[in-house]
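Worksheet: the structure to be examined is printed underneath.
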Amino acid sequence: MKTIEIKHLYNRAGFGSIPSNFKQYKNTSRKEVVDNLFVKHTDNQPFRLNFDIPQNIQMLPKEEKRKAIKKITKSVQKLNFAYIEKLANTDAFLREKVTLFWHGHFACRTRKSDRAQKLNNTIRKHALGNFRDLVIAVAKEPAMLDFLNNKQNRKSHPNENFARELMELFTIGRDNYTEKDIQEAARAFTGWNYNKQNEFVLKRKFHDYGEKTFFGKTGNFEGTDIIDILLEDKRTAKFIATKLHRYFVNDYDNTSEINAIADVLYNSDYNIEETLKYMFNADWFYATENVGTKIKSPIEFITGLHRTFSISYKNKKATFIIQKMLGQVLFLPPNVAGWPSGKKWIDSSSLTLRLKLPSILLNNGEIPFYEKGDDVDIAVKRGKGNRKLRAETNWEGFMEATSDFTQADLIEYLITPKLSATAQKICQDLTLDKKQNATVLVSLPEYQMC
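What follows is the structure, given as structure tokens:
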């Protein structure tokens, strides 16, 4: 397998390659490299964090309520930091990359960190399994039942929120269903709830056992029947294939490639692993137009720096603050549609920060910021703040891992092969100082691409 193909595969299936990948797989077949991803890099290690989360805070006196909100905020940051650490350090990077994809697909916002953790573990468990199992498991999670109001969905007063988003965002896509379909689907999910142990329960007295008509079919349907009917429609496979293509292949749709992915997904009974193996083995996956053409999401950008340089922070809140600065905070999607992608990640402010951030972090620099109540107000442009983020880089580990790299190897390892004229000139003028060269390379716009 060519070096550029190895790097491309590891950029898309993970968060960037490591030097040993090039040495290990340079003369190995593509199928063998892809198969190895699914054998060695998919272990399921769930979160096991404990949280002390205050309950019923609205009933508390003002001062106790303020303390409770602060404790909740800290628990959200604790979970966020743990997720970044997992992404940056895990050997099971393929499962984590796919989990991150589903984390955005099934976007859910909750201040209950124990429920957010449980949902994330459920997604991780099914991330490479069967899409039907994944959808059903997510639909039964307390965090999702709360977020999309299905806890309030009762026979006497159906709540259509979950049913609508199930179709629009999770399965078949917008404009492929009617308002009547939404109403009937909502009836099928009435009574879906959870108990005090955060376990799914069907509250039978709230469930509508009447006959429903959905997508032209009539029966005494319940929630899983609705999901089955949606999956039987190949438009669902096409919708999921489109999102997989945009995430792993290219921000711009290619109809023939998407249709091919949809065929594999549908004909394999929605087997996610089989579908991804097909994608990663396809010739078009490595085509010139698909290599080095995607803008890294903020999480991919941060995680890639961490994995390459083993960056650590004296203040663990740092990663949370940097995510906020760049516009993607894990567990806190902007809305039910999840985070944007592609060029939407970049504006004048975020691009400036992206280009400056590697140099700051790799030189043990400081990023000033202000804290205001339970939120964070970043003050980078003003160059001052009441607190500062301090980073440390494991240069010794980086130098050892790349000890036999030439300058050409270093360039190929760190940045996209599609270099601008300016980047080419900078690469030509690199010194013999590998540390300085690495810092220069990851500060180029080309490092923002994968």
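The sequence shown begins at 0 in numbering that gives the first Met the number 0 and counts up by one.
Cβ atoms here follow ideal geometry from the backbone N, Cα and C, with glycine treated the same way.
Item, Value
"Helix, strand or coil at Glu-198 according to DSSP, with G and I counted as helix", "coil"
"As assigned by DSSP and simplified to three states, the class of Gly-218", "strand"
"N- and C-terminal bounds of the beta strand (DSSP E) containing Tyr-193", "191-193"
"Proximity of Tyr-265 and Lys-6 at Cβ, strictly below 9 Å", "no"
"Simplified DSSP state of Phe-213, which is helix, strand or coil", "strand"
"Whether Asp-250 touches Gly-341 by CB criterion (9 Å)", "yes"
"Pairwise C-alpha distance: Leu-329 and Trp-344", "15 Å"
"Check: Leu-264 C-beta below 8 Å from any heavy atom of the ligand NAD", "In the structure shown, the ligand NAD is absent, as is every other ligand, since no ligand is present at all."
"Integer-rounded CB distance, given that Leu-304 should sit under 8 Å from Pro-357", "6 Å"
"Beta-carbon contacts of Val-379 that lie in its chain and below 6 Å, excluding the five residues immediately before and after", "Since pLDDT at Val-379 reaches only 38, below the 50 mark, its modelled position is unreliable, and no value is offered."
"Cutoff 9 Å: Asp-51 Cβ touching any chain D Cβ", "In summary, chain D is missing from the structure at hand, where a single protein chain is found."
"Buried/exposed call for Val-263, threshold 16 Cβ in 10 Å", "buried"
"Where the alpha helix (DSSP H) through Phe-319 begins and ends", "316-325"
"Cα-Cα separation, Asn-43 to Leu-86", "13 Å"
"Minimum length 4: unbroken alpha helix (DSSP H) runs contained in the stretch 109-172", "112-125, 130-138, 141-146 and 160-164"
"Closest by C-alpha distance to Gly-103, when choosing among Asn-129, Thr-421 and Val-335", "Val-335"
"Buried versus exposed, by CB contacts within 10 Å (16 or more), Ala-407", "exposed"
"Status (buried if at least 16 other CB within 10 Å, exposed otherwise) for Lys-190", "Sequence check: residue 190 is Gly here, not Lys. When all chains shown are included, Gly-190 counts as buried."
"Nearest neighbour of Gln-57, chosen from Asn-49, Lys-66 and Asp-51 [CA to CA]", "Lys-66"
"Whole alpha helix (DSSP H) elements within the stretch 412-436, 4-residue minimum", "420-427"
"Own chain residues within Cβ distance below 8 Å of Leu-127, not counting five before or after", "Phe-37, Thr-41, Leu-93, Arg-94, Val-97, Ile-271, Glu-272 and Leu-275"
"Residues near Ala-136 in its chain [Cβ-Cβ closer than 6 Å; skip 5 each side]", "Thr-121 and His-125"
"Per DSSP, the bridge partner or partners of Asn-270", "Asn-129"
"Proximity below 9 Å, CB of Lys-315 to CB of Phe-14", "no"
"Leu-331 (DSSP reduced to helix, strand or coil)", "coil"
"Alpha-carbon to alpha-carbon, Val-32 and Met-278", "13 Å"
"Three-state secondary structure assigned by DSSP to Met-398", "helix"
"Contact under 9 Å by Cβ, Ile-301 with Leu-325", "yes"
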